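> One rule links them: number in my numbering = place in the sequence shown (from 1) + 1031.
I'd like to ask some things about the structure below.
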Amino acid sequence: MLKKFLATTALGLSLIASPAGAEGLNIAFISHSSASNTFWQSVKKGYDDACAKVGATCQLILTQQEGSVEQAVANLQAAIASKPDAIFVAIVDDKAYDNAIKEATDAGILVLAVNVDDSQGAKGNARKAFIGQGFVAAGYALAKAQSENFPKEGPLNLLVGVNAPGQTWSEQRAAGVTKFLEEYKAEHKDREINITRIDSATDLALTADRIGAYLNANPNTTAYFDTGYWEAGVAKVLKDRGVEPGKVLLGGFDLVPEVLQQMQAGYVQVQVDQQPYMQGFMPVMETYLYKTAGLTPADIDTGQGIVTPKDVPAIMEMSKQGLR
């Protein structure tokens, strides 16, 4: 759980202190998300646990506004000035972070991309390694799994929500979803299949409003694919309108409580897990081994695990522990 927030007006950040001793490594983790984003609770749990194991002093620094690249870069620059041993950063924009990360690496600070990487990987940024999900593959896996629930006959009207247009994680997941859907369309030439893209926002209420309005105008929509977990807001809209579960298929990413509840209710059929606890834990371990044993950090794909409603009871038990 999130334990301590300190607002800093100049940078517009929320800082979450992790338990640690006075000695050992000093690590800063720069996120592009705000404290309202429940996904980061599991990341922080893994981060805290790893920092405690190696006796590191650690901070997870969040933005005041969800998805604000400007605030995240300002927070990154402030972290560099404090001269930590390592910085973890979600690189959600291919250009905005480049100069600051180069400055950090030139200063001898280990920089790892965590949760989101430059779309060109090591070719596009000076970070040492990436710990996180392969987004295109994960989007493809989501669409493939949900296709098993498509009606066997009749037209298919498929909606792909890009929650953060221009940001790597959202664009690449959407690209993976679209890639599978285009292949599916090519394989089913006997059916009318329409694929539409929409800017769906990174807020449960706003996503619900935008997709709800789209569904009003397009009542024959078969499925909605979200690039985050905000389809949970759409599920609530469907329930409030008296639409039965499965009438509009829903799927997305991350096992936050809102999604698990809607999966139990039958409104969300498929979700992809990127294992946030691992994203918090493993970069600390790689930093420790780099600093103490000279081992070069390596890329770690935290997965594209498909989760369906039958998996929810076990996951909810782990969620209570902050592990999922």
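We put the CB at the ideal spot given by N, CA and C, even for glycine.
These numbers were taken from a predicted model, which means no experiment stands behind them.
Which parts of the segment 1225–1273 are runs of the alpha helix (DSSP H), unbroken and 4 residues or longer, counting only runs that do not cross its ends?
1235–1248 and 1262–1271
> When the Cα atoms are used, what is the spatial distance from A1239 to S1231?
If I take the Cα positions, the gap works out to 8 Å.
> Apart from the five residues on each side of it in sequence, which residues of its chain come closer than 8 Å, Cβ to Cβ, to A1296?
A1266, K1270 and P1276
> Do I1229 and L1190 count as a contact pair if the criterion is CB distance below 9 Å?
Going by C-beta atoms, L1190 is nearer than 9 Å to I1229.
> Quick check: what's the CA-CA separation for T1333 versus L1187?
32 Å
> On the criterion of 16 or more Cβ atoms from any shown chain inside 10 Å, does Q1335 qualify as buried, or is it exposed?
With 16 or more Cβ atoms within 10 Å of its Cβ, Q1335 is classed as buried.
> Using three-state DSSP, classify Q1151 as helix, strand or coil.
coil
> Below 8 Å, can you find three or more Cβ-Cβ pairs linking the segment 1242–1253 to the segment 1204–1221?
no
> For D1234, which of T1136, I1224, P1250 and D1257 has the nearest alpha-carbon?
When only C-alpha atoms are compared, the closest one is D1257.
> So, under 8 Å CB-CB, I1058 and C1082 are touching, yes? Tell me the CB distance rounded to an integer number of Å.
7 Å
> Going by DSSP in three states, T1094 sits in which element: helix, strand or coil?
strand
> CB I1132 to CB L1107, shorter than 9 Å?
yes
> Which residues does DSSP list as the beta-bridge partners of F1284?
Note: F1284 is bridge-paired with V1303 in the DSSP secondary-structure output.
> Which value, in whole angstroms, describes the spacing of the CA atoms of T1199 and D1148?
Their Cα atoms are separated by approximately 7 Å.
> Nearest to I1162 by alpha carbon, out of Q1300, G1264, Q1292 and M1316?
M1316
> Between A1087 and T1318, is the Cβ-Cβ spacing less than 9 Å?
yes
> Does the segment 1245–1253 come close enough to the segment 1207–1216 to have 3 or more Cβ pairs within less than 8 Å?
no
> Along the chain, where does the alpha helix (DSSP H) that runs through N1106 open and close?
V1100 to A1112
> Rounded to whole angstroms, how far is the Cβ of Q1300 from the Cβ of N1180, which I believe are closer than 8 Å?
5 Å
> Report the three-state DSSP secondary structure of A1345 (helix, strand or coil).
helix
> Please name the residue in Y1321, K1159, G1192 and T1209 whose C-alpha comes closest to that of V1178.
Note on identity: in this sequence residue 1178 is Ser, with Val being the wrong assignment. Comparing Cα positions, the closest option is T1209.
> At the level of alpha carbons, what is the spacing between Q1164 and K1075?
17 Å
> On the criterion of 16 or more Cβ atoms from any shown chain inside 10 Å, does Q1151 qualify as buried, or is it exposed?
It counts as exposed.
> Out of L1212, A1160, D1285 and L1056, which one is the CA nearest neighbour of A1329?
A1160
> Just the Cα atoms here: how many angstroms apart are S1201 and D1124?
11 Å
> So K1175 and F1211 are supposed to be a Cβ contact under 8 Å. How far apart are they, rounded?
5 Å
> Using the three-state DSSP reduction, which class does I1337 fall into: helix, strand or coil?
strand
> Starting from I1132, trace the alpha helix (DSSP H) in both directions and tell me its first and last residue.
D1129 to D1137
> Per the DSSP calculation, D1332 is bridged to which residue(s)?
G1163
> Quick check on the burial criterion: 16 or more other C-beta atoms within 10 angstroms. Buried or exposed for I1344?
Reading the sequence as shown, one finds Pro at residue 1344 and not Ile. Exposed is the label assigned to P1344, since fewer than 16 other Cβ atoms lie within 10 Å of its Cβ.
> Can you tell me whether DSSP reads R1355 as helix, strand or coil?
coil
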